[in-house]
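> Take this structure, written in C-alpha cells, and hold onto it; I'll ask about it next.
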Amino acid sequence: MKLKRFRQITAVTVVFLFSIIFFDIYGLVPHGVQRVLTSFQFIPSLLFTFAYGVTLVSAGFIVVFLLTLLSGRSYCSFLCPLGIIQDLSSRIFKRKKYIFMKEMRAVRYTILAVTAAVTAVWGSLLLVWLDPYSLFGRFMGNFLNKFILALNNAAAEFLLNHNIFSLYSVNGSPGTVFSVIVSAVPVFLIIIVASRYGRLYCNTVCPVGTFLGIVSRFSVVKIGINSDTCLHCGICDRSCKSSCIDSAEGLVDFTRCVSCFNCVSMCPNGSISFERRYGKAESLNDSNRKSSPSEKGAISRFSFITGMLVMPPWISALAVENKKLFMSDGSKLVKFTRKTVSSPPGSVERDRFNELCTSCSLCITKCPTRVLQPAVMHYGMRGIMQPYMDYSAGYCNYDCTLCGSVCPTGAIKKLSVEKKRVTSIGKVIFIKENCITFQQETVCGACSEHCPTKAVYMVPYKNGLVIPATDRSICIGCGACENVCPVRPVKAIHVEGELKHTVALKPAEKKSDQKQGDEFPF
Amino acid sequence: MLSRREFIKAGAEKLAGLLAFSALFPFGKLFADSRYPDLVAMKGGKGPDELFRKGIEYLGGIKSFVSRGQSVLVKPNIGWDRTPAYGANTSPSLVAEIVRQCRKAGAARVFVMDHTCDPWKSCYRNSGIEDAVKSSGGEMVPGNSMSYYKNVSVKNGRSLKDVLVHKVYADSDVIINVPVLKHHSSTGMTASMKNLMGVVWDRYAWHRENLHQCIADFAGFRPPDLTVIDAYNVMTRNGPRGYSRSDSINYRYLFISKDQVAADSAGAMVLSKTSPGIKKPDDIEYIALAGKAGLGKSSMKSMKIARVSVQS
Ligand code: SF4
Ligand code: SF4
Ligand code: SF4
Chain A
53 MKLKRFRQIT
63 AVTVVFLFSI
73 IFFDIYGLVP
83 HGVQRVLTSF
93 QFIPSLLFTF
103 AYGVTLVSAG
113 FIVVFLLTLL
123 SGRSYCSFLC
133 PLGIIQDLSS
143 RIFKRKKYIF
153 MKEMRAVRYT
163 ILAVTAAVTA
173 VWGSLLLVWL
183 DPYSLFGRFM
193 GNFLNKFILA
203 LNNAAAEFLL
213 NHNIFSLYSV
223 NGSPGTVFSV
233 IVSAVPVFLI
243 IIVASRYGRL
253 YCNTVCPVGT
263 FLGIVSRFSV
273 VKIGINSDTC
283 LHCGICDRSC
293 KSSCIDSAEG
303 LVDFTRCVSC
313 FNCVSMCPNG
323 SISFERRYGK
333 AESLNDSNRK
343 SSPSEKGAIS
353 RFSFITGMLV
363 MPPWISALAV
373 ENKKLFMSDG
383 SKLVKFTRKT
393 VSSPPGSVER
403 DRFNELCTSC
413 SLCITKCPTR
423 VLQPAVMHYG
433 MRGIMQPYMD
443 YSAGYCNYDC
453 TLCGSVCPTG
463 AIKKLSVEKK
473 RVTSIGKVIF
483 IKENCITFQQ
493 ETVCGACSEH
503 CPTKAVYMVP
513 YKNGLVIPAT
523 DRSICIGCGA
533 CENVCPVRPV
543 KAIHVEGELK
553 HTVALKPAEK
563 KSDQKQGDEF
573 PF
Chain B
263 MLSRREFIKA
273 GAEKLAGLLA
283 FSALFPFGKL
293 FADSRYPDLV
303 AMKGGKGPDE
313 LFRKGIEYLG
323 GIKSFVSRGQ
333 SVLVKPNIGW
343 DRTPAYGANT
353 SPSLVAEIVR
363 QCRKAGAARV
373 FVMDHTCDPW
383 KSCYRNSGIE
393 DAVKSSGGEM
403 VPGNSMSYYK
413 NVSVKNGRSL
423 KDVLVHKVYA
433 DSDVIINVPV
443 LKHHSSTGMT
453 ASMKNLMGVV
463 WDRYAWHREN
473 LHQCIADFAG
483 FRPPDLTVID
493 AYNVMTRNGP
503 RGYSRSDSIN
513 YRYLFISKDQ
523 VAADSAGAMV
533 LSKTSPGIKK
543 PDDIEYIALA
553 GKAGLGKSSM
563 KSMKIARVSV
573 QS
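Protein sequences appear in the order of chains A and B. In case it helps, the working numbering puts the first sequence at residues 53 to 574. In case it helps, the working numbering puts the second sequence at residues 263 to 574.
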C-alpha cells in the first residue's frame, strides 16, 4: 500500500513537472529545471554521453541502470512520462480486468536488436520514433502546447478588451498538419492500447522497456509469490497492467514487470511481496491462456475525443492573415531554391546533429523567436521532426543560446553567448533584382537594419538611394535579413545553410569619434 | 418669474454655452504658443532624466500636457534586444522620469509599449525599460499580437491610406513620444516620426510602399502632444541596431518640443556632424515631406529655441 502510494505520488509529480516545462509558454521555468528533469531520461542521457563522454548528464542513465539492478524497471513506473500517461489512461478508461498474457518475445527482442544496431550505425534514426521521452515530448510540444497557446491567447484578448494587460498573446505557429499528426497520433494510439491492455506497448515495442527488462532479471529486489500461502485466486493477475503474473503457476515475468506494486496492494492475504530475491531469474515464457477479444467501445470513444481535440486550432490556422504581396505577379522576381536548410546554432555538423537528435521538440517549444520548426523532409528521411531554421517563421536572436541549454541529447551543444555570436550556421545571398530599391527605386534597407553583424550594409545606389551589399565572412546566418525582407513571394535576400558550421570573422570595430561638450549644432 | 427648477436649467445652459465658447477659443493655448519656445534644447547634466526635469519647465511643466484622470501613452524606442549602454533603445531613466511625472500630474494610467523588432519580451526586459516603468507606476503593454491593433484611416495620407494602429495609441488621451536619436541604415536617421513605426502592426508594408512618404503620412495621423528626443548617447553609425558600443557618441543632449518635426530637425543637425549626407534637416526625406505637409517646422532658423546647458 505504501509503496504504491509512493509510486503514484512520484509519477504524478514527474508528469506535472514535464507539463510545466512543455507548457511554459511565458518562459518562466529556469533552464536548470529542464536540464535536471530530462537528465533522468534514459535515451537522451545515453546519447548525451555518446556525444560528450561522461559528464554530469551521464549520471541520469547510470542512475536508471543502477535503479533497475536494485528494484527492477522502476524507471518505467516512476520516471518515464510516456509510461506514466499510459497508467493514467488505464486508470481512467479501464473497464475490464487484465489477464495474464504471453510475452511477445520475438517481437520485443527483434525491435531491441534492430534499434541497437541501427543506433550504432546511424544514430537516432529509429530512436526518433521509439524513445518514449521523445514521443511524449513531441506530443506535448507540437500538440498539447498549442491548446495552451490558444487558450492563453483567447484569455489575453478578452482581458485586452477590458484594458488589462497582465496576460499577453504568445506568438507561435499552430504547426503544420504533418507535425500535428506525426506528434499526436502515435501517442494517442499508445494511450488507446493502454486503456485496454495496460503496458502492452512498453512490453512489446519500447526498446528501453525491453532493455531494462533484461537488466531487471538480475535485480536485487523483485516481485514474487509465496507459493505456500497463495490461494491461486487470480486477483493479482487481474490487477497487473503488464499482464505478467500467472498466479496459476505462481510465477512472475520480471522482464515485463514495471514495479508498480499494484498486485502487492491487491493480494488478499499478503502472498505477493516486493523483496530481495537476487539470483533467481524466474521467468514465464509459456502459457496456454489466450487474451480475450478486443473491445470496440474504448477505441471509438478515443477516436472521437482525438477528433475533437485535433480540430479547433488548426481550423483557425487556415484563416491566417493574408499578407499583401509586393508584386501582384511574382514573374519579375528571380526565383531561387535553397539547397541546404540551416540547423540550429550549436548543432555543429549536419550528420552529427541528425544522429543525435531524437526530435523531442523541447527546443522548438522553447525557441523565443519560433525560428525553430519541426522538419518534414528538410533533412531527408532521417531528420523528420528534427528542428530546422525556418526563416519565414522567425530569425535566430543574436544573444540567445536557449536551444543548446535545453537540448537533452546534446544534439545542440550549449554555446556561450560569445561563441554563439560568431557561430555561422549559414551564409547570406542577396538577389539585387528582387530588391525593392532596384524594382521601384524607393528606400527599404530592412535587412541591414536587423542584421546584428552588419554583414548586410547599405551602399550608394542611384538618386541618393542606398542598396544592400553583403560581407559573407562576418555573416552568421541568423536569417534576420531574410525574415524581414518585405518582398513577396520570393525574397530578395536569403540564407543558404552550412552543412558544417564555421566560425565567422568578427566585424571590425572602429574607434569611436568622441565629441563631448560640443555646442549645439544649430 | 422663473421657478426654481427653470432657474437651475437656465443656469446649466449658460454654463454649457460658456464651456463650449471657451473650447472654441482656447485662450490658454493661444497664450502658451507665444510664451513658449518651439524647441527646448538641453545639454549636460547627470543624465537625460535630469535634463527632462529641468527642460519641461520651459514648456510650463508636465501639467500643461497631462491632467488628472487622463490616460497617457509614453512611447519609447524599445526595438532591440540590447542593454542600455549601446544606445539602441531609449534610456530607461528618462522613460521612468516621464512616467513618474505623468502619474504625479494625476494621470489615471500610463501605458508604455513598442512593437519591437527583436523578440519583444527580451527587448522589454534587457532594455531596462520594463523594470523602470513598473517601478515608477506605469504599465507595460504588449504589442506582439494583431488583436491589439485596430484599423484606422489616415487622412491626407499619400502613400498610407489606412493602417493597423495599436489601440493604446488610438485611444489614449495624451501621447508622449520618447525616441532615441540614432543613425539609420535606410532612412539616414531615426528619432521622433520614425519611432511611430513602433505603434503599427505591419511596419514592413511601409518598406514596400515608399517608406519616407509613409513615415510622413503617419506623422499627420495623430501627432503626439509632446516629443522628447533622447540624444544623450547617440548611435552615429551601424544604426538602428548598432554593432558595438563604440558606435555611439556621448553628446548628452535632450530635445523637448510640441512639434515633432522641429524635434527631428534638431536630431538631424546632431547627426550632420557625422553623416556626410546630412547637411540640413530637409536632407532627411521624411522631415522634408512632413515639413511640406505643414506638420511642423523643419528650418532651424524659423524656430524659437531655448538653449539650456546644465552643469554636470
Ligand atoms: S539560439 Fe536561435 S534557434 Fe536557438 S532557441 Fe535561440 S533563437 Fe531559437
Ligand atoms: S547577413 Fe543576414 S543572416 Fe547574415 S548575420 Fe546578417 S542578418 Fe544574419
Ligand atoms: S530587405 Fe529585401 S527589399 Fe529591403 S533592402 Fe533588403 S533585400 Fe532589398
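All C-beta atoms in this analysis are idealised placements derived from N, C-alpha and C, irrespective of residue type, glycine included. Please read all numbers here as calculations on a predicted model, not as lab measurements.
Can you tell me the Cβ-Cβ gap for residue 308 (chain A) and residue 250 (chain A), rounded? I've got them flagged as a contact below 8 Å.
Contact doesn't hold; Cβ gap of about 10 Å is too wide.
> Are at least three pairs of beta-carbons, each pair with one atom in the segment 448 to 464 of chain A and one in the segment 401 to 420 of chain A, less than 8 Å apart?
The segment 448 to 464 of chain A vs the segment 401 to 420 of chain A: in contact.
> Distance, Cα to Cα, residue 332 (chain B) vs residue 401 (chain B)?
Cα-Cα distance, rounded: 14 Å.
> Near residue 351 (chain A), which residues of its chain fall below 7 Å by C-beta distance, leaving aside the five closest residues on each side in sequence?
Residue placement at residue 351 (chain A) is flagged as unreliable, the pLDDT there being 39, under the threshold of 50; a coordinate-derived value is accordingly withheld.
> Using a C-beta to C-beta distance shorter than 7 Å, which residues of chain B count as neighbours of residue 212 (chain A)?
409, 410, listed in chain order.
> Could you tell me the alpha carbon to alpha carbon distance between residue 574 (chain A) and residue 443 (chain B), rounded to whole angstroms?
Looking at the two C-alpha atoms, the distance is approximately 16 Å.
> Going straight from the alpha carbon of residue 546 (chain A) to that of residue 482 (chain A), what length do you get?
Near 7 Å, if we compare the C-alpha coordinates of residue 482 (chain A) and residue 546 (chain A).
> Could you give the first and the last residue of the continuous alpha helix (DSSP H) run that contains residue 581 (chain B)?
With chain B covering only 263 through 574, there is no way to say anything about residue 581 (chain B).
> Confirm the yes/no value for this check: CB of residue 554 (chain A), any heavy atom of ligand 2, distance under 7 Å.
No, the Cβ of residue 554 (chain A) stays beyond 7 Å of every heavy atom of ligand 2.
> Quick check on the DSSP output: what are the complete beta strand (DSSP E) runs of length 3 or more inside the segment 58 to 95 of chain A, in order along the chain?
Taking only runs of at least 3 residues, no beta strand (DSSP E) segment lies wholly in the segment 58 to 95 of chain A.
> If you drop the 5 nearest sequence neighbours on each side, which residues of the same chain put their C-beta closer than 8 Å to that of residue 499 (chain B)?
Excluding positions up to five away in sequence, the list reads 445, 509, 536.
> For residue 346 (chain B) and chain A, any beta-carbon pair shorter than 8 Å?
Closer than 8 Å: no.
> Comparing alpha-carbon positions, which option in A:184, A:99, A:147, A:161 lies nearest residue 127 (chain A)?
The candidate whose alpha carbon is nearest that of residue 127 (chain A) is A:184.
> Confirm, please, whether the CB-CB distance from residue 557 (chain B) to residue 460 (chain B) is below 8 Å.
Not closer than 8 Å, so no.
> If residue 167 (chain A) and residue 268 (chain A) are in contact, beta carbons under 8 Å, what's the gap, nearest whole angstrom?
Between residue 268 (chain A) and residue 167 (chain A) the Cβ distance is about 18 Å, and since that is not below 8 Å, they are no contact.
> How far does the beta strand (DSSP E) with residue 481 (chain A) in it reach, from first residue to last?
Here the beta strand (DSSP E) through residue 481 (chain A) covers 475 to 482.
> Taking 7 Å as the line, does the beta carbon of residue 547 (chain A) fall inside it for any heavy atom of ligand 3?
No, the beta carbon of residue 547 (chain A) sits no closer than 7 Å to any heavy atom of ligand 3.
> If you draw a straight line from the alpha carbon of residue 432 (chain B) to that of residue 410 (chain B), how long is it in whole angstroms?
C-alpha separation (whole angstroms): 11 Å.
> Between residue 62 (chain A) and the rest of its own chain, which residues show a CB-CB distance below 6 Å, the 5 nearest in sequence each way excluded?
For residue 62 (chain A), where only same-chain residues beyond five positions count, the Cβ hits under 6 Å are 130.
> Can you find a heavy atom of ligand 2 that lies under 7 Å from the Cβ of residue 507 (chain A)?
Checking every heavy atom of ligand 2 against the Cβ of residue 507 (chain A), one is found closer than 7 Å.
> What residues from chain A crowd round residue 414 (chain B), counting only those whose CB sits closer than 8 Å?
Near residue 414 (chain B) there are no residues of chain A at all, since even the closest Cβ is about 17 Å away, more than 8 Å.
> What residues from chain B crowd round residue 510 (chain A), counting only those whose CB sits closer than 9 Å?
By Cβ distance, chain B contributes 447, 448.
> Of all Cβ atoms in chain B, is any one closer than 8 Å to the Cβ of residue 456 (chain A)?
Not an interface residue.
> Return the CA-CA distance between residue 408 (chain A) and residue 66 (chain A), expressed in angstroms with no decimal places.
If I take the Cα positions, the gap works out to 24 Å.
> Sorted by chain position, which residues of the same chain lie with C-beta nearer than 6 Å to residue 304 (chain B)'s C-beta, five sequence neighbours on each side aside?
Within the same chain, residue 304 (chain B) has close Cβ partners 313, 317, 516, 570.
> For residue 569 (chain B), decide whether its Cβ has a neighbour in chain A, counting only Cβ atoms nearer than 8 Å.
Answer yes: the Cβ-Cβ gap between residue 569 (chain B) and chain A drops below 8 Å somewhere.
> Would you tell me roughly how many angstroms separate the C-alpha atoms of residue 625 (chain A) and residue 440 (chain B), rounded to the nearest one?
The structure shown has nothing for residue 625 (chain A), since chain A only spans 53 to 574.
> Applying the 10 Å Cβ sphere with the 16-neighbour rule, what's the burial state of residue 475 (chain B)?
Per the 10 Å Cβ criterion, buried.
> Between residue 530 (chain A) and residue 389 (chain A), what straight-line distance do the alpha-carbon atoms span, to the nearest angstrom?
Straight-line Cα distance between these residues: approximately 18 Å.
> Compute every distance between the C-beta of residue 496 (chain A) and the non-hydrogen atoms of ligand 2, then say whether any falls below 7 Å.
Flag unset: Cβ of residue 496 (chain A) not near ligand 2.
> Among residues of its own chain, excluding the 5 on either side of residue 103 (chain A), which ones have a beta-carbon nearer than 6 Å to its beta-carbon?
If we look at residue 103 (chain A) and ignore the five residues flanking it on each side, its Cβ neighbours are 408, 462.
> Please return the same chain residues whose Cβ sits closer than 8 Å to the Cβ of residue 539 (chain B), not counting the five positions on each side in sequence.
450, 545, listed in sequence order.
> Taking residue 480 (chain A) as the query, report the chain B residues whose CB atoms sit under 7 Å from its CB, ordered along the chain.
Neighbours of residue 480 (chain A) on chain B: none; closest Cβ ~15 Å, over 7 Å.
> Please return the same chain residues whose Cβ sits closer than 8 Å to the Cβ of residue 573 (chain B), not counting the five positions on each side in sequence.
If we look at residue 573 (chain B) and ignore the five residues flanking it on each side, its Cβ neighbours are 306, 307.
> Any heavy atom of ligand 2 within a distance shorter than 7 Å of the CB on residue 532 (chain A)?
Because some heavy atom of ligand 2 lies under 7 Å away, the Cβ of residue 532 (chain A) counts as near it: yes.
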